[in-house]
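Inspection log for the structure reproduced underneath, given as structure tokens.
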Amino acid sequence: MADCGAVRVRWVRWLVVAGIVVAILAAVITVRLGMATRREAVPLALYIDAKPVGFERGVRYFPRDAGHVAEFEKDYLASLDREQTELRREGRTRDDLPPASFLVISGGGDGGAFGAGILNGWSRSGKRPAFKLVTGVSTGALIAPFAFLGPSYDQELRRLYTGMSFEDVARMRWFGSALYQDALADTTPLKALVEKHVTQSMLDAIAVEHDKGRILLVATTNLDVRRAVVWNVTEIAATRSPKALDLVHEILVASAAIPGTFPPVMIDVEVGGKRYQEMHVDGGASSQLFVYPTALHLHELAARERSLYIIRNARLDPEWAQVDRRTLPIVMRAISCLIQNQGIGDMYRIYAITQRDHIDFNLAFIPSSFHVEKKEEFERQYMRALYETGDRMGATGIDWLKHPPVLVSGVDDASASGVQ
2 MADCGAVRVR
12 WVRWLVVAGI
22 VVAILAAVIT
32 VRLGMATRRE
42 AVPLALYIDA
52 KPVGFERGVR
62 YFPRDAGHVA
72 EFEKDYLASL
82 DREQTELRRE
92 GRTRDDLPPA
102 SFLVISGGGD
112 GGAFGAGILN
122 GWSRSGKRPA
132 FKLVTGVSTG
142 ALIAPFAFLG
152 PSYDQELRRL
162 YTGMSFEDVA
172 RMRWFGSALY
182 QDALADTTPL
192 KALVEKHVTQ
202 SMLDAIAVEH
212 DKGRILLVAT
222 TNLDVRRAVV
232 WNVTEIAATR
242 SPKALDLVHE
252 ILVASAAIPG
262 TFPPVMIDVE
272 VGGKRYQEMH
282 VDGGASSQLF
292 VYPTALHLHE
302 LAARERSLYI
312 IRNARLDPEW
322 AQVDRRTLPI
332 VMRAISCLIQ
342 NQGIGDMYRI
352 YAITQRDHID
362 FNLAFIPSSF
372 HVEKKEEFER
382 QYMRALYETG
392 DRMGATGIDW
402 LKHPPVLVSG
412 VDDASASGVQ
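Each residue of the sequence shown is one higher than the one before, starting from 2 at the first, in the numbering used here.
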């Protein structure tokens, strides 16, 4: 018994020593990584005026700032002037503006395959309009440039969302890296994917559409100030700056950078003659979808007929699952619940804007009839099935919902099939 007690004491000592060694190593690693990742964020008093390095004119907006709302209004009115100039060049003699269509593409991770399918099928139906304004968040931001440029980019979009797998998006790091690094995964593959598909020729084509008065917006979240940032990609393209393509790549990767899972993107900015770094992550951390600043009363700027189409890359009905009584499954389930309800709230906000500004509201979403199970994120078989569902809906006729879900008592819109 005494021998057993002595052995037990020795094991305890060894465990204590091992614990101390691990703690010291962890501290050393933390300090070293802290030195390697140290940066200087934009001071709170200056963040509104900061501009990406190499860009003199404003190419982004903070929607909650009155000055930036005024900046967006000025840019929007300038786009109307360019649009009218283009219409006169095409032979239109009347000064009144023709009907305009807006497209809003939400976040949703691998659910973006649904949006890609909708757009392809919609093109084949012959009813897809050319959009005056396109906005995107997260996976919607990756789709947005293709949607903006129209049906000629449909096949590229199809290849992207039916050929993608998790290995094309991220490489998982050692789980313990969460304690010392900025994310659980390395998104070098996603950067390579974005660089492969979003090319200089695509950016040049976006610049041409800018000159016709069209607008492409993508949202990220600035973590330093906890603010959504709306990037005017058409304005970035129109600068024809040698830095424009790199900035667009950074924005698209940042918009899809799920905090904690994917590393944030550091964007170099300048203000007051000094350079800083901003930390940008998934636009979905601020909102799942957006159209334009709420404070902007669009109907007061120009008289025209307007329609808005929302592609929500997610289901709206509650998906049942028995949650394991463990920390990680509980946390992940709670986050998915938060995201789903945030998206519904965003739809209500946009619906209120459309009613105020006399815009026809249209909503499509992943139908409850879609039952393909997903074993892992960005599973190719799942994404292809989801793409085909969206493609069929787009081709055969989308039964656009005319208001957010459960807005009318007694109507369970979230369980609708989404197909006529």
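The beta-carbon is built from N, C-alpha and C at its ideal position, and this holds for glycine as well. Just so we're clear, the structure is a prediction, and the values are computed from it rather than from any experiment.
Exposed unless 16 or more other CB atoms sit within 10 angstroms - verdict on residue i
i, result
"Ser360", "The sequence as given places Ile at residue 360; Ser does not occur at that position. Under this definition Ile360 is a buried residue."
"Ile331", "exposed"
"Arg129", "buried"
"Gly273", "exposed"
"Met394", "buried"
"His281", "buried"
"Pro64", "buried"
"Asn342", "exposed"
"Gln289", "buried"
"Asp392", "buried"
"Ser107", "buried"
"Arg397", "According to the sequence provided, residue 397 is Thr. The question's Arg does not apply to it. Per the 10 Å Cβ criterion, exposed."
Nonlocal neighbours in the same chain, by C-beta distance under 7 Å from residue i, ignoring five residues either side
i, result
"Leu78", "Leu302"
"Pro190", "Glu168, Asp169, Val170, Ala171, Arg172"
"Arg40", "Met267, Gln278"
Residues near residue i in its chain [Cβ-Cβ closer than 8 Å; skip 5 each side]
i, result
"Ala322", "Arg334"
"Pro100", "Arg305, Glu306, Arg307, Ser308"
"Glu389", "Gly118"
"Asp96", "Gln85"
Three-way DSSP call (helix, strand, coil) for residue i in this model
i, result
"Gly92", "coil"
"Leu317", "coil"
"Arg228", "strand"
"Pro260", "strand"
"Ala322", "coil"
"Leu361", "Looking at the sequence itself, residue 361 is Asp, so the reference to Leu does not match. Reduced to three states, the DSSP call for Asp361 is strand."
"Glu271", "strand"
"Val43", "coil"
"Ala131", "coil"
Cβ shell of residue i (< 6 Å), same chain only, five flanking positions each side left out
i, result
"Phe132", "Ser102, Leu104"
"Ser256", "Ser139, Ala142, Val219, Thr221, Gly284"
"Tyr114", "Residue 114 is actually Ala in this sequence, not Tyr. Only Tyr162, Met384, Leu387, Tyr388 meet the Cβ criterion."
"Asp155", "Asn121, Ser124"
"Val60", "Asn233, Glu236, Ile237"
"Arg313", "Ser107, Phe366"
"Ala239", "Ala208, His211"
Whole-angstrom C-beta distance between residue j and residue i, which should lie under 8 Å
i, j, result
"Val1", "Val219", "Within the shown structure, residues of the chain are numbered from 2 to 421, placing residue 1 beyond reach of any answer."
"Ile237", "Val249", "6 Å"
"Gly137", "Ile144", "6 Å"
"Ile399", "Ile351", "With a Cβ gap of about 18 Å, Ile399 and Ile351 do not count as contacting."
"Val54", "Arg276", "6 Å"
"Arg316", "Ser242", "Not a contact, Cβ separation roughly 40 Å."
"Val254", "Val195", "6 Å"
"Val270", "Ala51", "4 Å"
Proximity test, residue i beta-carbon vs the ligand PLP heavy atom, cut-off 8 Å
i, result
"Tyr352", "No copy of the ligand PLP occurs in the structure displayed, which carries no ligand at all."
Task: Length at least 4, wholly inside the region 147-217: the alpha helix (DSSP H) runs in chain order - done: 155-164, 189-198, 201-211
- [ ] Just list the alpha helix (DSSP H) runs in the region 374-410, keeping only unbroken ones of 4 residues or longer that don't cross its boundaries, in chain order.
- [x] 381-397
Task: Secondary structure, beta strand (DSSP E): runs of 3+ residues fully inside the region 275-307 - done: 275-283
Open item on the list: For a minimum of 4 consecutive residues, which ranges assigned as the alpha helix (DSSP H) are wholly contained in the region 48-128?
Closed with: 67-90, 113-126
Open item on the list: Which complete beta strand (DSSP E) runs does the region 330-360 hold, if anything under 3 residues is left out?
Closed with: none
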